[in-house]
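Protein chains in written order, with my numbering: chain A, 37 to 301; chain B, 112 to 275. Below is one structure, written out as structure tokens, with a few remarks after it.
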Amino acid sequence: MNEQDLRRAFHDVMVASSPPPSMDPSAVLRSGRQARSRRMAVWTGAAVMVLVAGVGVGTALVANGVSVPGLQFGSNGSSSGPTENNGRTQVNGPQADKGKELLNDLIAMVPDGYKTEQMQYQDPSYNGSDMQTHQAQKGDEAWEYMVITPVQKDGGVGKLITEVHAVGNKLPSEPCALAQTFWGMDGECQVVDVAGKKVGLVTKNTSGRDDTFEQWAAYRHPDGTVVFLGQNKGFYGSRRPELGAQVFTTEKLASLATDQRFHLS
Amino acid sequence: MSDRDAAFQAYFAARSDAMRGTAYLLCGDWHRAEDLVQQTFTKIYLAWRRIQRHEAMDAYTRQTLVRTFLSERRRGWFRHESVGEPPTEVPVTPSGLPEERLVLLGALAKVPPKQRAVLVLRYWEDASVEYTAELLGISEGTVKSQAARGLQTLRGLLAEERVR
Numbered sequence: 037m038n039e040q041d042l043r044r045a046f047h048d049v050m051v052a053s054s055p056p057p058s059m060d061p062s063a064v065l066r067s068g069r070q071a072r073s074r075r076m077a078v079w080t081g082a083a084v085m086v087l088v089a090g091v092g093v094g095t096a097l098v099a100n101g102v103s104v105p106g107l108q109f110g111s112n113g114s115s116s117g118p119t120e121n122n123g124r125t126q127v128n129g130p131q132a133d134k135g136k137e138l139l140n141d142l143i144a145m146v147p148d149g150y151k152t153e154q155m156q157y158q159d160p161s162y163n164g165s166d167m168q169t170h171q172a173q174k175g176d177e178a179w180e181y182m183v184i185t186p187v188q189k190d191g192g193v194g195k196l197i198t199e200v201h202a203v204g205n206k207l208p209s210e211p212c213a214l215a216q217t218f219w220g221m222d223g224e225c226q227v228v229d230v231a232g233k234k235v236g237l238v239t240k241n242t243s244g245r246d247d248t249f250e251q252w253a254a255y256r257h258p259d260g261t262v263v264f265l266g267q268n269k270g271f272y273g274s275r276r277p278e279l280g281a282q283v284f285t286t287e288k289l290a291s292l293a294t295d296q297r298f299h300l301s
Numbered sequence: 112m113s114d115r116d117a118a119f120q121a122y123f124a125a126r127s128d129a130m131r132g133t134a135y136l137l138c139g140d141w142h143r144a145e146d147l148v149q150q151t152f153t154k155i156y157l158a159w160r161r162i163q164r165h166e167a168m169d170a171y172t173r174q175t176l177v178r179t180f181l182s183e184r185r186r187g188w189f190r191h192e193s194v195g196e197p198p199t200e201v202p203v204t205p206s207g208l209p210e211e212r213l214v215l216l217g218a219l220a221k222v223p224p225k226q227r228a229v230l231v232l233r234y235w236e237d238a239s240v241e242y243t244a245e246l247l248g249i250s251e252g253t254v255k256s257q258a259a260r261g262l263q264t265l266r267g268l269l270a271e272e273r274v275r
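Structure follows, in structure tokens:
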């Protein structure tokens, strides 16, 4: 049997077999909703445990068998309102605040001459949602933060992203292995030295996906915190032209990935 | 129904049959294939907002399907979320299939899962070496070697069957 034989055989099997009727979309939708509810229930249950116990600052939650240290409520927390969660995502609370700060820090690093104001997607499939976003979510092992901002210049729109995985993550240590975990993308990677710090730097995305990032840098701090910083000349869904050039040189991208402002807990 | 749910349902209706066909060749029977498709689309539902911003939706779904298959094989089939009977290693006999094709399905079920995934992606989905490598998260060289080994394994198994 060679390759062509196998192709034919697969085809014959599929033609000759009798598939059952098409699956019911509503059953799968129910399964999806139930899975989402389970996720949300974990969070709701964890929050209720803390509130009922009257525990305030510095309480460690146990959610889904995973310790979640540092989730704080009350006057010493930087948010005044109650913590709200949507699944694993914290929309109001200390981690959500860190996400906002991370976005501000990223914006502060953009060179003069670029605008970084909020924009809305123009592609109808995005329902007019915001292009500039920040997010804090509890991953399987550690808090994860992701911020994205559009950058505008001369009518073009590019995209910057910072993603931080706090201490406790299980991402690889080797810089290029680490870099290749970013959004599951492959790319041409090299390890560069930034003042003695080893950074995985991808200068060309080879994953074939045009809606992501052309270049990114990955750095693991000595305590295990991981920072990804990525850039793209275009912003998929904006329906605007690309920037004429990347915002940062690759050297700057690598350097910024080691910046202490991105070193979140 | 929300816009999100409506869009998800429409996508499922459009693509689930094709994904189930691939799952059938991976699993060897329709029952397992449907379980795999259900698990896959449940994951897609949870990640819907993020994924729908990606142009290559089918690639995501196919990747999730194959990786779920490999993951479930490592953990043991139907350990999670199964409501069916525990499967045997040999696929359930599909009615109406010529003997020769039954032999092929039986032999395919004995090919190691990762080799099987490579064979199905390369020779059923007609995926390129590069795309297969990306979907499985392995190098292109590994795809080529796994495809060659998979074909070799299949040849050996089919030869054994013919001797019987």
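The beta-carbon is built from N, C-alpha and C at its ideal position, and this holds for glycine as well. Note that the coordinates shown come from a computational prediction; the quantities given were computed from them, not determined experimentally.
Start and end residues, beta strand (DSSP E) containing residue i
{"i": "A:F46", "result": "Looking at the DSSP string, A:F46 is not in any beta strand (DSSP E); the run it does join, the alpha helix (DSSP H), is 39 to 52."}
{"i": "A:G266", "result": "262 to 268"}
{"i": "A:E199", "result": "192 to 201"}
{"i": "A:G236", "result": "233 to 241"}
{"i": "A:W252", "result": "251 to 256"}
{"i": "A:Q173", "result": "169 to 174"}
{"i": "A:G273", "result": "Taken as a continuous stretch (DSSP letters only), A:G273 belongs to no beta strand (DSSP E), as it is neither H nor E."}
{"i": "A:Q226", "result": "223 to 230"}
{"i": "A:Q296", "result": "Premise fails: A:Q296 is in no beta strand (DSSP E) and is neither H nor E."}
{"i": "A:P57", "result": "Segment: none, A:P57 is in no beta strand (DSSP E) and carries neither H nor E."}
{"i": "A:E180", "result": "179 to 189"}
Outcome for residue i when other beta-carbon atoms lying within 10 angstroms are tallied against a minimum of 16
{"i": "B:R233", "result": "buried"}
{"i": "A:E8", "result": "Only positions 37 to 301 of chain A appear in this structure, which leaves residue 8 of chain A out of reach."}
{"i": "A:T285", "result": "exposed"}
{"i": "A:S111", "result": "With a pLDDT of 24 at A:S111, under the threshold of 50, the modelled position of that residue is not reliable, and the figure given next carries that caveat. So A:S111 counts as exposed."}
{"i": "A:V187", "result": "buried"}
{"i": "A:R44", "result": "exposed"}
{"i": "A:D259", "result": "exposed"}
{"i": "B:Q150", "result": "buried"}
{"i": "A:K206", "result": "exposed"}
{"i": "B:E192", "result": "Low confidence applies to B:E192: its pLDDT is 33, below 50, so where it sits in the model is not reliable, and the reading given next is rough at best. When all chains shown are included, B:E192 counts as exposed."}
{"i": "A:E153", "result": "exposed"}
{"i": "B:P202", "result": "In this prediction, B:P202 has a pLDDT of 45, which is less than 50 and means its spatial position is unreliable; nothing more can be read from the coordinates."}
{"i": "A:S53", "result": "buried"}
{"i": "A:F298", "result": "buried"}
{"i": "B:S250", "result": "exposed"}
{"i": "A:G232", "result": "exposed"}
{"i": "B:A158", "result": "exposed"}
{"i": "A:P147", "result": "exposed"}
{"i": "B:R161", "result": "exposed"}
{"i": "B:S113", "result": "exposed"}
{"i": "A:T242", "result": "exposed"}
{"i": "B:E145", "result": "buried"}
{"i": "A:V183", "result": "buried"}
{"i": "A:G191", "result": "exposed"}
First through last residue of the alpha helix (DSSP H) which encompasses residue i
{"i": "A:P211", "result": "211 to 215"}
{"i": "B:V229", "result": "224 to 234"}
{"i": "A:Y150", "result": "Where A:Y150 is concerned, there is no enclosing alpha helix (DSSP H), given that its DSSP letter is neither H nor E."}
{"i": "B:I155", "result": "141 to 157"}
{"i": "A:V283", "result": "Taken as a continuous stretch (DSSP letters only), A:V283 belongs to no alpha helix (DSSP H), as it is neither H nor E."}
{"i": "B:T133", "result": "114 to 138"}
{"i": "B:E245", "result": "240 to 247"}
Nonlocal neighbours in the same chain, by C-beta distance under 8 Å from residue i, ignoring five residues either side
{"i": "A:L300", "result": "K134, L138, W179, Y181, V200, A202, T261"}
{"i": "A:A213", "result": "G236"}
{"i": "B:V148", "result": "S127, M130, R131, A134, L176"}
{"i": "B:V254", "result": "V229, R233, V240, T243, A244, L247"}
{"i": "B:L269", "result": "V214, L215, A218"}
{"i": "A:S73", "result": "none"}
Cβ shell of residue i (< 6 Å), same chain only, five flanking positions each side left out
{"i": "A:G94", "result": "Residue placement at A:G94 is flagged as unreliable, the pLDDT there being 33, under the threshold of 50; a coordinate-derived value is accordingly withheld."}
{"i": "B:K154", "result": "T175"}
{"i": "A:K151", "result": "Q188"}
{"i": "A:A293", "result": "V235, A253, Y255, V263, L265"}
Beta-carbon contacts of residue i that lie in its chain and below 7 Å, excluding the five residues immediately before and after
{"i": "A:P56", "result": "none"}
{"i": "A:V238", "result": "A215, G223, E224, C225, Q251, W252"}
{"i": "B:L181", "result": "P224, K225, A228"}
Count the C-beta pairs between the region 198 to 214 of chain A and the region 259 to 268 of chain A that are closer than 8 Å, then say yes if the count reaches three, no if not. yes
What residues in the region 41 to 61 of chain A bring their beta carbon closer than 7 Å to a beta carbon of chain B? L42, R43, A45, F46, D48, V49, M50, A52, S53, S54, P55, P56, S58, M59, P61
Quick check: the region 123 to 136 of chain B against the region 51 to 65 of chain A, are at least 3 beta-carbon pairs closer than 8 Å? yes
For the region 272 to 285 of chain A, which residues have a CB atom closer than 9 Å to at least one CB atom of chain B, in sequence order? Y272, G273
Any contact of the region 163 to 173 of chain A with the region 129 to 145 of chain A, i.e. 3+ C-beta pairs under 8 Å? yes
Does the region 253 to 267 of chain B come within contact of the region 223 to 241 of chain B, defined as at least 3 CB pairs closer than 8 Å? yes
Hey, is the region 175 to 182 of chain B in contact with the region 128 to 148 of chain B, meaning 3+ C-beta pairs nearer than 8 Å? yes
Just by C-beta distance, which residues in the region 169 to 186 of chain B are closer than 9 Å to chain A? Listed in sequence order: A170, Q174.
Within 7 Å of chain B by C-beta, residues of the region 216 to 240 of chain A in sequence order: Residues of the region 216 to 240 of chain A that bring their beta carbon within less than 7 Å of a beta carbon in chain B comprise D222, in sequence order.
To be precise: take each residue of the region 220 to 233 of chain B, compare its Cβ to all Cβ atoms of chain A, and keep it if any distance is under 7 Å. Which residues remain? Residues of the region 220 to 233 of chain B with a C-beta less than 7 Å from any C-beta of chain A: L230, listed in chain order.
Members of the region 130 to 148 of chain B that neighbour chain A once the beta carbon cut-off is set at 8 Å: R131, G132, Y135, L136, W141, E145, V148
Counting only Cβ-Cβ distances shorter than 9 Å, please list the residues of the region 231 to 259 of chain B near chain A, keeping chain order. V231, R233, Y234, W235, D237, E241, Y242, A244, E245, G248, A258
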